Structures are given as structure tokens and as C-alpha cells.
Amino acid sequence: MDEVKQLVTDIKNKKLKPIYFLMGEESYYIDKISDFIENTILAEEERGFNQMVLYGRDVTVEDIVSNAKRYPMMAEYQVVIVKEAQDLSRTIEKLASYAENPQPTTILVVNYKYKKIDKRKSLYKTLKKRGIVYESKKLYENQVADWIRRVLSPKNYSISPKAAQMLVEFLGTDLSKINNELEKLQIILPKGTQISPEQIEDNIGISKDYNNFELRKAIGEKNRIKAYRIVNYFAENPKDNPMVVTVSLLFNFFSQLLHFHGLNDKSPRNVASALKINPYFVNEYIAAARHYPMRKVSAVVSTLRTFDVKSKGVGANAVPQGDLLKELLVKILS
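In the UniProt record's numbering, the protein residues as written are 1 to 334.
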């Protein structure tokens, strides 16, 4: 995020490079940087003649170079944006010769999503010398809640830890999807609001009581009534609550619990750091550790591996996923 801020600041200050090659698994920042360049470098009246958007599936590298070598008309720069450039992955190395001697009055932006170019080859090395190569990396799940807070803070919003966790568990690590939901909330809620689980439930449709976060908590506390209630809800709504996701999240939880048992220093600060979790959730792990000694945690992890395979249809094709989930819960809580 800091790298993106610096990039945006440099563009605002007219510290421009002739090529911006934006690549990587996380599309959110690629789109943000590309859109910022598209809307910033040229004045609106200059864009008609001097800004063009190409798509990788429709052009060749030679087409891109030909357009990049044009001169601007009645403007200091022309901007050429190539979207979905990953469709040119087989021939993208041909861009290296242009990168060696780019047109100084052209700003070429290449959006190379979900992939990376080979850093050992000449294109990458040349781009590093002549332009900007930005790699947008996928965030780990435990980093997303903090990212949500950082995105909301400049806009004068905050979010409770539980509400942030609900978004992560429901939407995963797809920053674009999460940002879309956050933008909807910002339209509805006044500035200065701390976004709560109730507001997530009311406006996004994620249940604050029947979700994997609450199931994990109920299992950790050995609250059988609550856990069975949630699992029954999941069984009745399998499309919204796929078992493979539930098993994955529980596997992560018990794997972290195994790590917790191995810690010499179980102070809240060290636990949060070692397990890479928000300090808000440390007490859940402390409580779960009392109910699940290390040997039991190891057995649960093994059970979850077995049910992960079953949830994907191996050896349990005819068994409804809701029934599998209930069977899994019995084994965990026994």
C-alpha cells in the first residue's frame, strides 16, 4: 500500500516514467493505478486525440509499439493503456526492444493481471531500468482485516474487528469485492461511523450470528448448542455456506491452536504476533486451548484433513454436505 501511495504521489508531482508495467495476482491495485493514470495525466480536452485504451486479446505487441511511437497532438504526452495484457503472455517479451528506447512523450501503461513476467529475462530487467514495474501481491487472509481498516481510515470510517472478520470470511481475500461492499456502506452510513456486525448483516446480507466466525468461536468454547444451531443453518443453506470453506477455516483455526500450544510465551501480545491475528481475538485462542489440549488438537487437525477430502467429493459422493458437516462437528466436539 505504501508503494502505491508513493507511485500516486510521483504521478501527481509529474515525476513520470515512459512505461508502467503493472503485474501480479491482486488486480485491485493494478486497476487503481491504471485508472489514476487514465484520469490524471491528460486534461479532459486532451484525451480525445492523445489517450487510447487497447485490450490484449485484440492487439499484438507490434500494435502496442506502433501506437506508443506516435507523437502527441497539441499536448505534452499521449497515454496508451493496455488492459488484460496477460492475454499476450506468449509474446510479451517482444516489448523489451521498445522498453530499451521508449518514446519520451508516451506514457505506456500495461495491465498484466494474475501473472508475472519472468524476472530473469530481458523485458523485466529493461523495464526496471527505464520505467516502473509494480507487482501487486495477494494479501494473506490475516492481513486483509488490517487492509480494510487502512482503506476506511482516510475516509473517516472505522470498523469493528468482528465486522472486518465477517467480510474476510464471506468475501475471502479479493480486495476488489471487499472494496465494492465498503463503498456501498459508505453511501449508506454517515462519516464517523464505526461499521458494526449489525450493519454488515443489514446492508450486505452476511449473517452476524450464522457464519464461520461464530461457528469457530462456538467450537472453541465447546458451546454445543450454538455450534449445532449454526451447522443446521449451514445445512439448510449450502450454497451460501459451502462446506469446503468451513473446513478450510476450521483447519486454519486448529492449526493456529496447535501453534499456540507450542508457544513458551503465551502473553496476549506474543500470541497475536506469533499467530498473526488481531489482538482482539487472542482470548478466543486462550479459551479454546483450555478445551482442546495439544493431543486433541492434533486429532482434530487429522479429522479435518479427512473431511476436507470428503467435502470435495472423494469417498462421499452420495452424502449431503450438510450431513458431512454435522458428522464432522460430532467428531470435533466428542
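The C-beta atom is built at its ideal place from N, Cα and C for all residues, glycine as well.
For clarity, every value in this text was computed on a predicted model and none was experimentally measured.
Fewer than three beta-carbon pairs drawn from the segment 212-223 and the segment 181-195 are found closer than 8 angstroms, and the two stretches are therefore not classed as touching.
In this structure the segment 303-315 lies against the segment 242-261, because at least three pairs of beta carbons, one per stretch, are closer than 8 angstroms.
Comparing C-alpha distances from T173 to each of V301, L189, P197, E141 shows the shortest one belongs to E141. By the Cβ criterion, the segment 115-129 is not in contact with the segment 150-157, since fewer than three pairs of Cβ atoms, one from each stretch, lie closer than 8 angstroms. Between S207 and P238, the alpha-carbon positions lie close to 14 angstroms from each other.
Secondary structure note for E221: its alpha helix (DSSP H) is the uninterrupted segment 212-221. One alpha carbon belongs to D58, the other to K331, and they sit about 54 angstroms apart. Per DSSP, N111 is one residue of the beta strand (DSSP E) stretching across 106-113.
The straight-line gap separating the alpha-carbon atoms of E93 and E3 is approximately 25 angstroms. Under the DSSP definition of a beta bridge, L54 partners with V82. For I117 and E38, the gap between their C-alpha atoms comes out near 23 angstroms. The beta carbon of I204 lies closer than 6 angstroms to those of E181 in the same chain, with the five residues before and after it left out. Non-local C-beta neighbours of K137 in its own chain, meaning closer than 8 angstroms and more than five positions away in sequence, comprise G24, E25, E26, ordered along the chain. In the DSSP assignment, G24 forms a beta bridge with K113.
With the rule of 3 Cβ pairs closer than 8 angstroms, the segment 69-77 counts as touching the segment 98-105.
Residue pairing by DSSP puts Y134 in a beta bridge opposite L22.
Secondary structure at S311: helix, using DSSP grouped into helix, strand and coil. The continuous alpha helix (DSSP H) containing Q256 extends over residues 243-261.
One thing to note: I64 has its Cβ within 9 angstroms of the Cβ of V110. Secondary structure at Q194: strand, using DSSP grouped into helix, strand and coil. For Y157, no alpha helix (DSSP H) encloses it, and the DSSP letter there is neither H nor E. Minimum Cα-Cα distance from K12 among the listed residues P18, Y77, F36 corresponds to F36.
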